[in-house]
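Trainee: Just passing along the structure, written as structure tokens.
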Amino acid sequence: MARLSAITPSGHAHVGNYLGAVRRWAREGSPGDLYLVSDLHAMTTPYHPQKLRARAREMLAVLVASGISPDQVFVQSDLVRELGALTWLLECTCAYGEAARMTQFKEKTQGDGKAAVRVGLFTYPVLMAADILLQGASEVPVGDDQAQHVELARALARRFNGTYGEVFTVPTAVTPPVAARIRDLVDPNAKMAKSAGDAPGVVFVLDEPDLVRRKVKRAITDSLDRLEYRPDDQPGLANLLEIQAACTGKAPREVAAAYSSYGTLKEAVAEALIEELRPVRARTLELLADPVELDQIRASGAVMARERGAHRLESALRLAGVG
Ligand code: ATP
Ligand code: MG
400 MARLSAITPS GHAHVGNYLG AVRRWAREGS PGDLYLVSDL HAMTTPYHPQ KLRARAREML
460 AVLVASGISP DQVFVQSDLV RELGALTWLL ECTCAYGEAA RMTQFKEKTQ GDGKAAVRVG
520 LFTYPVLMAA DILLQGASEV PVGDDQAQHV ELARALARRF NGTYGEVFTV PTAVTPPVAA
580 RIRDLVDPNA KMAKSAGDAP GVVFVLDEPD LVRRKVKRAI TDSLDRLEYR PDDQPGLANL
640 LEIQAACTGK APREVAAAYS SYGTLKEAVA EALIEELRPV RARTLELLAD PVELDQIRAS
700 GAVMARERGA HRLESALRLA GVG
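Count along the sequence shown from 1, add 399, and you get the number used in our numbering.
Following this line, the structure appears as structure tokens:
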């Protein structure tokens with residue numbers, strides 16, 4: 400029972416990624432699980448090549464620095480040939496109508512003319528299916544926005560197996576245990592996201608302590624001056640309470656009861672975040688400063704993932720009558 404999870408280097412890793420996903424992967428994962436830095440997925444919208452390369456490297460370093468075993472991580476593009484080949488087989492298994500039903504694509508392309516949208520944005524769910532099926536993952540933990548893509552991977556695995564012969568494990572989408580959905584500190588109605596760029600409401604894993612303090616200090620709360628956990632009415636405050644809860648292992652309500660002013664709560668949140676991030680930040684910077692160690696982790700991850708998928712790709716090509 401192998402699980403596969405991915406993080407796209409579309410920006411720098413932030414505390415939402417860390418508290419909501421990466422820290423859990425490090426703490427709760429099993430040895431057969433795999434984690435990939437999905438840099439190929441970051442190419443579906445305009446991007447900067449050098450930045451993508453640097454961010455993929457940084458993301459790999461953050462995963463390892465967070466405590467995920469180096470034996471379980473790899474960078475997606477290190478398997479670009481294998482994944483390119485499998486994506487083609489799966490595109491020739493996928494019906495146009497099936498791909499066109501993906502609501503994420505519809506949402507992302509609403510309004511603006513589809514003519515200028517990259518074909519890759521349309522077909523990337525098939526690449527995602529290749530990521531999953533190549534590794535033989537049986538479970539894919541995803542949020543609601545990705546569940547439909549795992550359904551597609553499931554349908555393609557079944558169809559390929561039924562048409563050409565049994566090759567692929569049919570994956571299941573699993574809902575990760577409810578994790579804090581960290582919101583933007585300045586716009587508490589939006590979730591904290593990488594693609595927001597250098598937004599003042601996003602705390603990045605590599606932010607210096609003083610910058611973390613400044614960002615938390617400027618977090619939007621409200622003028623009610625009621626220190627209670629009420630996510631609907633006080634979303635900014637609730638977000639701070641949830642962050643503090645995630646850092647201290649307490650419940651948000653307990654946290655609310657422990658402080659008497661927004662100011663003291665903010666100071667505590669900033670310090671807790673700084674402490675939580677300190678070892679991850681230190682180890683990430685160490686890895687980024689030592690290209691040899693990080694290159695070696697990356698290279699052995701690529702070998703591991705390639706070897707793990709090789710027999711499936713070979714069988715699939717043979718059964719499909721090519722290669
Ligand atoms: P993008 O803006 O490019 O979509 P993102 O920050 O949403 O970036 P993803 O690569 O989509 O990050 O997601 C990586 C992992 O981080 C996923 O498991 C996702 O559920 C989790 N995650 C992302 N944002 C948050 C957040 N604000 N709070 C909690 N978990 C989050
Ligand atoms: Mg996202």
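Ideal placement from N, C-alpha and C gives every residue a C-beta, glycine not left out.
Give the C-beta separation of THR492 and LEU418 to the nearest angstrom, bearing in mind that I take them to be a contact with Cβ-Cβ under 8 angstroms.
Mentor: The pair is not a contact, with the Cβ atoms about 37 angstroms apart (cut-off 8 angstroms).
Trainee: Quick check: what's the CA-CA separation for PHE473 versus TYR658?
Mentor: 42 angstroms
Trainee: Am I right that GLU641 and ALA579 are in contact with their C-beta atoms under 8 angstroms? What's the rounded C-beta distance?
Mentor: The pair is a contact, with the Cβ atoms about 5 angstroms apart (cut-off 8 angstroms).
Trainee: Compare the C-alpha of THR683 against each of ALA412, HIS548, ILE406 and ALA655 and name the closest.
Mentor: ALA412
Trainee: Per the contact definition of three or more C-beta pairs closer than 8 angstroms, is the segment 434-441 in contact with the segment 620-632?
Mentor: no
Trainee: At which residues does the beta strand (DSSP E) containing LEU718 begin and terminate?
Mentor: Careful: LEU718 lies outside any beta strand (DSSP E), inside the alpha helix (DSSP H) at 690-718.
Trainee: Report the CB separation of LYS590 from ARG582 in whole angstroms; it is logged as a contact under 8 angstroms.
Mentor: 6 angstroms
Trainee: Output the boundary residues of the alpha helix (DSSP H) element that contains ILE406.
Mentor: Premise fails: ILE406 lies in the beta strand (DSSP E), 403-406, not in any alpha helix (DSSP H).
Trainee: Which residue comes first and which comes last in the beta strand (DSSP E) that contains PRO540?
Mentor: 538-540
Trainee: When you compare the CB positions of THR562 and ALA529, do they come within less than 7 angstroms of one another, or not?
Mentor: Against a cut-off of 7 angstroms, the Cβ pair of ALA529 and THR562 comes out as no contact.
Trainee: Among VAL679, GLY635 and SER660, which has the Cα closest to the Cα of PRO608?
Mentor: VAL679
Trainee: Assign LYS590 to one of three DSSP states: helix, strand, or coil.
Mentor: strand
Trainee: Using the Cβ count rule (16 or more neighbours within 10 Å means buried), how would you classify VAL611?
Mentor: buried
Trainee: Quickly, what does DSSP pair HIS413 with across the bridge? List them, please.
Mentor: HIS413 is bridged to PHE603.
Trainee: Hey, which unbroken runs of the beta strand (DSSP E) at 3 residues or more fall wholly within the segment 508-573?
Mentor: 538-540 and 571-573
Trainee: Using DSSP bridges, identify the partner residues of LEU369.
Mentor: Within the shown structure, residues of the chain are numbered from 400 to 722, placing residue 369 beyond reach of any answer.
Trainee: What residues are listed by DSSP as bridge partners for ARG582?
Mentor: Answer by DSSP bridge pairing, in chain order: LYS590.
Trainee: List the endpoints of the continuous alpha helix (DSSP H) containing GLU427.
Mentor: Its alpha helix (DSSP H) spans residues 422-427.
Trainee: Return the first residue and the last residue of the alpha helix (DSSP H) that ARG480 is part of.
Mentor: 479-490
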